[in-house]
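Contents: one structure, followed by commentary.
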Amino acid sequence: MTAEPLAAEVAVPVAPGIPRPKSARPSNIGAPTIEKETRTEEALDLPWHVVVHNDPVNLMSYVTMVFQRVFGYPRDKAERHMLEVHQKGRSVLWSGVRERAELYVQQLHGYLLLATIEKVS
Amino acid sequence: MEICRRKNQIEISELDPFLAELLRQIPSSANPEGAPAAEQRIFSPPVNGKEPEMCAEWKMYVQPELRRLFQTATETVGADLKQLNGTEQSLANRTLRIPTKHSDAWLSALNQARLVIAAKNNFTELELSDHLRSPIGSRRDLSLFQVNFYGFLQEFILRELDC
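Protein chains in written order, with this note's numbering: chain A, 2 to 122; chain B, 100 to 262.
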């Protein structure tokens, strides 16, 4: 199993017009030493789940499209998650650092899906 | 009613006055104001359980932008719907042309309208899966028909985006 990349290493797609909350704003990482420090903080923060909850109004095809757009999942993987949401009431779409999890939830709310972040106990 | 893709437009033709009126109601139907259940659904919390600090931060930083995003979508749809305005042919069938570049705005506004109507009427899952109920019965039946009609349009737009 491949470890999730750290937030500082990944350019996350953002839905147009949706800003990050204060806690999710990127830190000004300039020098390599600071980046190292940030990674340590993020590593301590792992993991958080992005959970999507069932909503009988949202169309299955719409939910699948949103998963493809937000997470870049291929259609079959997006459909598997959509069916899990539909049948089990929820599905964990992604796990990792809190900043990215919050960002994903913002994007999902932008598409009007019921999404939350959960800290793994 | 007929719906098809023509070059860079989605064309909904043979729209009778009843369906044209339902389309005209998309922007107002998408407005959750005055209905706490609808507000709660459109601006749902980012966490389950008690995280007051995070919820407050979310409300301050994220919700205004979400509000703006949804408003932009309904305004785009409202502008497209102006094609259906006018009284000269109020009883004649109409045609609505939606530029494909507005597809995302339409998907968003239709989804928002469906969610708000469902929340206001507190529809059950069973009711929402009843696609055959006639709109001529009660205000509730009409609202359910509206949810299904908007869902049909969403499905068509999604199919066109897939092509």
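C-beta atoms are modelled at their ideal positions from N, C-alpha and C, and glycine is treated no differently. Note that the structure is a prediction, hence the values are computed from the model and not measured.
Subject >> Where P57/A falls, given that 16 or more other Cβ within 10 Å makes a residue buried >> reply: Mapped onto the first sequence, residue 57/A falls at position 56. With fewer than 16 other Cβ atoms within 10 Å, it is exposed.
Original post:
If we cut at 8 Å on Cβ distances, does V176/B have a partner in chain A?
Top reply: Counting from 1 along the second sequence, the entry for residue 176/B is found at position 77. Answer no: the Cβ-Cβ gap between V176/B and chain A never drops below 8 Å.
Subject >> Boundaries (first-last residue) of the alpha helix (DSSP H) holding I141/B >> reply: One-based indexing of the second sequence puts residue 141/B at position 42. Per DSSP, I141/B belongs to the alpha helix (DSSP H) from 135-141.
**OP:** Return helix, strand or coil for M100/B, following the three-state DSSP convention.
**Re:** As a working mapping, residue 100/B is identified with position 1 in the second sequence. Looking at M100/B - three-state DSSP - the assignment turns out to be coil, as it is neither helix nor strand.
**OP:** Kindly list the residues whose CB is nearer than 8 Å to the CB of L227/B, restricted to its own chain and excluding five residues on each side of it in sequence; keep chain order.
**Re:** By one-based count along the second sequence, residue 227/B stands at place 128. Only A217, L243, V246 meet the Cβ criterion.
Subject >> Residue nearest to A176/B in terms of C-alpha spacing, selected from S202/B, K219/B, F142/B >> reply: Residue 176/B sits at position 77 when you count from the first residue of the second sequence. Looking at the sequence shown, residue 176/B is not Ala but Val. Checked all of S202/B, K219/B, F142/B; the closest Cα to V176/B is S202/B.
Subject >> Short CB-CB distance (under 8 Å) between G111/A and chain B >> reply: Sequence index remark: in the first sequence, residue 111/A carries index 110 (1-based). So yes, G111/A belongs to the interface.
Original post:
Along the region 215-228 of chain B, what residues have a CB closer than 7 Å to any CB found in chain A?
Top reply: A217, E224, L227
Original post:
Residues in the region 190-205 of chain B with C-beta within 9 Å of chain E's C-beta atoms, listed in sequence order?
Top reply: Annotation note: the requested chain E is absent from the structure, which comprises protein chains A and B.
**OP:** Using a cut-off of 9 Å between C-beta atoms, extract the partners of S62/A located in chain B.
**Re:** The residue labelled residue 62/A in the question sits at position 61 within the first sequence. Ordered by position in chain B, the residues that pass the 9 Å Cβ test against S62/A are Q253, E254, L257, R258, D261.
Subject >> the region 82-92 of chain A contacting the region 130-149 of chain B, beta-carbon criterion three pairs below 8 Å >> reply: no
Original post:
How would you call R140/B, buried or exposed, if buried means at least 16 neighbouring beta carbons within 10 angstroms?
Top reply: Locating residue 140/B in the second sequence gives position 41, where the first residue counts as 1. Counting Cβ neighbours within 10 Å, R140/B comes out buried, since at least 16 surround it.
Original post:
Taking one C-beta from the region 150-160 of chain B and one from the region 65-76 of chain A each time, how about it: are there three or more such pairs within less than 8 Å?
Top reply: no
**OP:** Determine the chain B residues that contact M187/A at a beta-carbon separation under 9 Å, and present them in chain order.
**Re:** A query on residue 187/A cannot be resolved here, the shown segment of chain A reaching from 2 to 122 and no further.
Subject >> Test item: CB-CB of T173/B and Q108/B under 8 Å >> reply: Position 74 of the second sequence, counting from 1, holds the residue named residue 173/B. Position 9 of the second sequence, counting from 1, holds the residue named residue 108/B. Result no, Cβ atoms of T173/B and Q108/B do not sit closer than 8 Å.
Original post:
K106/B by DSSP, collapsed to three states: which one?
Top reply: The sequence position of residue 106/B within the second sequence is 7, counting from 1. Three-state result, K106/B: coil.
**OP:** Determine the chain B residues that contact L94/A at a beta-carbon separation under 8 Å, and present them in chain order.
**Re:** Counting from 1 along the first sequence, the entry for residue 94/A is found at position 93. Within chain B, no residue comes near L94/A; the closest Cβ sits about 14 Å away, beyond 8 Å.
Original post:
the region 103-114 of chain B: which residues have C-beta closer than 7 Å to a C-beta of chain A, in chain order?
Top reply: none
Subject >> Beta-carbon spacing of A129/B, L183/B below 8 Å >> reply: Taking the second sequence and counting its residues from 1, one reaches residue 129/B at position 30. Taking the second sequence and counting its residues from 1, one reaches residue 183/B at position 84. Taking 8 Å as the Cβ cut-off, A129/B and L183/B do not qualify as a contacting pair.
**OP:** Give the C-beta separation of G97/A and W49/A to the nearest angstrom, bearing in mind that I take them to be a contact with Cβ-Cβ under 8 Å.
**Re:** To locate residue 97/A, count along the first sequence from 1; it is residue 96. To locate residue 49/A, count along the first sequence from 1; it is residue 48. Contact flag correct, Cβ pair sits at about 7 Å.
**OP:** Starting from the C-beta of F248/B, find all residues in its chain whose C-beta is less than 8 Å away, skip the five residues before and the five after it, and write them out in chain order.
**Re:** Here residue 248/B refers to the residue found at position 149 of the second sequence. Taken in chain order, the residues that qualify are L118, L121.
Original post:
Is P234/B close to chain A, meaning its C-beta is less than 8 Å from at least one C-beta of that chain?
Top reply: Working through the second sequence from its first residue, we reach residue 234/B at position 135. No, no contact with chain A.
Original post:
So the beta strand (DSSP E) A218/B belongs to, where does it begin and stop?
Top reply: Position 119 of the second sequence, counted from the start, is the residue given in the question as residue 218/B. Per DSSP, A218/B belongs to no beta strand (DSSP E); it is in the alpha helix (DSSP H), 202-220.
Original post:
In or out: T117/A buried (at least 16 other Cβ within 10 Å) or exposed?
Top reply: One-based indexing of the first sequence puts residue 117/A at position 116. The residue in question, T117/A, is buried, as its Cβ has 16 or more Cβ neighbours within 10 Å.
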